[in-house]
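Numbering (the numbering used here), first residue to last: 509 to 833.
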């Protein structure tokens, strides 16, 4: 006689329900394991689970109800500039910068600016229609927030200033924030996002500040470069013979009261000569030949010295030596 189990055997219907629940749970687990995709604010996220089973030996599929939600709007912003210093040439001078919508929804941005260390005013902000960094005829001042920017869209802007006499320490501070709102990350604005979703402040606080140093304008810099040479032969004379060393001097002169930006001097080594290692100098100070921390280098058959930005009148002298082969 077969002993009776203390646990009753499940009925066919119960076994069917158990298989269906297990299959449904497995499908749900797989669905949850899929990586999330970046979504725009207001996008619908809809999920339906399914289960496959056998009913009286025949395959069947059942589906769950739909679980639906909409993606909230994340509020973020970015500001960028081509440089930290801007030369000011009186009223109507423009300070260019770029604003980026860093969020996942459509958004306008509110702008403000203040002058520091100089009298005058910030006239307003303009769309830089041709992205040339100049407030010209095709650019008009905004009368409120920026136009709507889509996620990731960048907008070229100009801060138009009417300053007094610019001197050392003068600056412009530009502030921008999302029109929907800003604050600490995680701050929520219920129902104010795209398609009625909540708007939530992202890691940038949905606001940004940028400071520009204002430099006095003046006459455009005039620059000249003069090259001279001297020869020392092995016997101490000035003869141009094999083994003679030629010292080249490059004198760069800058006039005017404006700044010459990003100046670099380069000179190829003449054919029939070899560069004398360690001979490169700037204003009498030795420079290394490698591309390292100082401003000089020798590579690919030429010397190069970076002078950088030259404010106003100045004279810089580069020297190096070659040997006649």
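Cβ coordinates follow ideal geometry from the N, Cα and C atoms, glycine included.
Report task. Note down the Cα distance separating residue 583 from residue 612, rounded to an integer number of angstroms. Result -> As a working mapping, residue 583 is identified with position 75 in the chain shown. As a working mapping, residue 612 is identified with position 104 in the chain shown. The straight-line gap from Cα to Cα measures roughly 7 Å.
Query raised in the report: Given a threshold of 16 other Cβ atoms within 10 Å of its Cβ, counted over all protein chains shown, does residue 703 qualify as buried or as exposed?
Result: Residue mapping note: residue 703 aligns to position 195 of the chain shown, counting from 1. Its Cβ having fewer than 16 others within 10 Å, residue 703 is exposed.
Query - Span separating the alpha-carbon of residue 749 from that of residue 720 - result: As a working mapping, residue 749 is identified with position 241 in the chain shown. As a working mapping, residue 720 is identified with position 212 in the chain shown. In a straight line, the C-alpha of residue 749 is about 56 Å away from that of residue 720.
Report task. Have a look at 643, 711, 743 and 673 and flag the residue whose alpha-carbon is nearest the alpha-carbon of residue 600. Result -> On the chain shown, position 92 is the one that residue 600 refers to. Taking only the C-alpha atoms, the option nearest residue 600 is 643.
Query raised in the report: The beta strand (DSSP E) spanning residue 724 covers which residue range?
Result: As a working mapping, residue 724 is identified with position 216 in the chain shown. From DSSP, the beta strand (DSSP E) with residue 724 extends over 715-724.
Report task. Can you tell me the Cβ-Cβ gap for residue 830 and residue 777, rounded? I've got them flagged as a contact below 8 Å. Result -> Counting from one through the chain shown, the residue named residue 830 turns up at place 322. Counting from one through the chain shown, the residue named residue 777 turns up at place 269. Yes, residue 830 and residue 777 are in contact; Cβ-Cβ is about 6 Å, under 8 Å.
**Report entry** Within 8 Å, strictly: CB atoms of residue 610 and residue 586
**Finding:** Within the chain shown, residue 610 is the residue found at index 102, counting from 1. Within the chain shown, residue 586 is the residue found at index 78, counting from 1. Closer than 8 Å, so yes.
Query raised in the report: Considering only residues of the segment 781-811, which uninterrupted beta strand (DSSP E) runs meet the minimum length of 3 residues and lie entirely inside it, listed in chain order?
Result: 781-783 and 804-807
Query raised in the report: Tell me, which residues are paired with residue 604 by DSSP?
Result: Counting from 1 along the chain shown, the entry for residue 604 is found at position 96. Note: residue 604 sits in a beta bridge opposite 666.
Requested in this report: Taking 8 Å as the cut-off, decide whether the C-beta atoms of residue 833 and residue 781 are in contact.
Outcome: The residue you call residue 833 lines up with position 325 of the chain shown. The residue you call residue 781 lines up with position 273 of the chain shown. Against a cut-off of 8 Å, the Cβ pair of residue 781 and residue 833 comes out as a contact.
Query raised in the report: Under the rule that 16 or more other beta-carbon atoms within 10 Å means buried, what is residue 821, buried or exposed?
Result: Here residue 821 refers to the residue found at position 313 of the chain shown. Answer is exposed; the Cβ neighbour count stays below 16.
Query raised in the report: Hey, out of 795, 593 and 806, whose CA is closest to residue 770's CA?
Result: Translated into positions along the chain shown, residue 770 becomes position 262. Residue 593 is the option with its Cα nearest to residue 770.
Requested in this report: Could you name the residues of the same chain whose beta carbon sits closer than 6 Å to that of residue 724, not counting the 5 residues immediately before and after it, in chain order?
Outcome: Against the chain shown, residue 724 aligns to sequence position 216. Here the set comprises 674.
Query raised in the report: Apart from the five residues just before and just after residue 804, which ones in its own chain have a Cβ nearer than 6 Å to its Cβ?
Result: Stepping through the chain shown from its first residue, residue 804 is reached at position 296. Once the five neighbours on either side are set aside, the close Cβ partners of residue 804 are 788, 795 and 813.
Query raised in the report: Just reading off the beta strand (DSSP E) that residue 865 is part of, what are its end residues?
Result: Residue coverage of the chain in this structure runs from 509 to 833, which leaves residue 865 outside it and unanswerable.
Report task. Return the chain-ordered ranges of every beta strand (DSSP E) run that is complete within the segment 595-658 and spans a minimum of 3 residues. Result -> 601-609, 617-624 and 628-635
**Report entry** Distance between residue 826 and residue 746 (C-alpha atoms, nearest Å)
**Finding:** Position 238 of the chain shown holds residue 746. Position 318 of the chain shown holds residue 826. Using only the alpha carbons, I get a separation of about 21 Å.
Query raised in the report: Considering only residues of the same chain and omitting the five flanking positions on each side of residue 809, which have a CB-CB separation below 7 Å?
Result: Along the chain shown, one-based indexing puts residue 809 at 301. Answer for residue 809: 776 and 777, listed in chain order.
Query raised in the report: Taking contact to mean at least 3 C-beta pairs separated by less than 8 Å, is the segment 680-699 in contact with the segment 548-568?
Result: no
Query raised in the report: If you drop the 5 nearest sequence neighbours on each side, which residues of the same chain put their C-beta closer than 6 Å to that of residue 678?
Result: Here residue 678 corresponds to residue number 170 of the chain shown, with the count starting at 1. So the qualifying residues of the chain are 625, 626 and 722.
Query raised in the report: For residue 649, which residues from the same chain have a beta carbon less than 6 Å from its beta carbon, with the 5 sequence-adjacent residues on both sides left out?
Result: What you label residue 649 is simply residue 141 of the chain shown in a count that begins at 1. Excluding positions up to five away in sequence, the list reads 632 and 634.
Query raised in the report: Can you give the beta carbon distance from residue 732 to residue 715, rounded, assuming they're within the 8 Å contact cut?
Result: Numbered from its first residue, the chain shown carries residue 732 at position 224. Numbered from its first residue, the chain shown carries residue 715 at position 207. That belief does not hold up - the Cβ atoms of residue 732 and residue 715 are roughly 47 Å apart, past 8 Å.
Report task. Count the other CB atoms, across all protein chains shown, that sit within 10 Å of the CB of residue 710; report buried if there are 16 or more and exposed otherwise. Result -> Position 202 of the chain shown, counted from the start, is the residue given in the question as residue 710. Under this definition residue 710 is a buried residue.
Query raised in the report: For the beta strand (DSSP E) that contains residue 730, what are its first and last residues?
Result: Position 222 of the chain shown, counted from the first residue, corresponds to residue 730. 730-740 is the span of the beta strand (DSSP E), which, as asked, contains residue 730.
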